[in-house]
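Everything below concerns the one structure shown next.
Structure (C-alpha cells):
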C-alpha cells in the first residue's frame with residue numbers, strides 16, 4: 120500500500136461528476152463513420168433540463184453534418200455522470 124495518493128475534494132468531484140476539467144458541464148461522445156471516436160466537454164448554462172437540451176442540440180448538429188459523426192450521446196454533470 121505504498122505510493123497511495125489521498126484524493127482531494129476536486130479530484131473526487133471530477134470522478135463523481137458535477138465538474139468537468141475543461142470547465143463544461145456536459146460531456147459529448149461522438150462516433151464517426153470511419154470508426155473514429157471523440158469525447159469533448161461543452162459548456163452549458165441554466166437548469167439541468169436546459170443543460171440537457173443544449174447538449175442534445177449539440178449532438179443533433181454533429182450528426183446532421185455529413186462530414187461529422189454518425190452517433191452521438193451526451194452526459195451532463197448536473198444529474199451526476201452516468202445517469
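In this note's numbering, the protein residues as written are 120 to 202.
The C-beta atom is built at its ideal place from N, Cα and C for all residues, glycine as well.
My output table needs one value for residue i: the three-state DSSP class, helix, strand or coil.
i	result
residue 196	helix
residue 165	coil
residue 180	helix
Can you check DSSP and say which residues form a bridge with residue i?
i	result
residue 150	156, 190
residue 145	161, 195
Which same chain residues end up closer than 6 Å to residue i when comparing Cβ atoms and leaving out the 5 residues on each side of it in sequence?
i	result
residue 173	163
residue 203	Outside the shown range of the chain (120 to 202) lies residue 203, about which nothing can therefore be said.
Which residues in the same chain have their Cβ closer than 8 Å to the Cβ of residue i, if we skip the five residues on either side of it in sequence?
i	result
residue 195	144, 145, 146, 163, 167, 170, 171, 174
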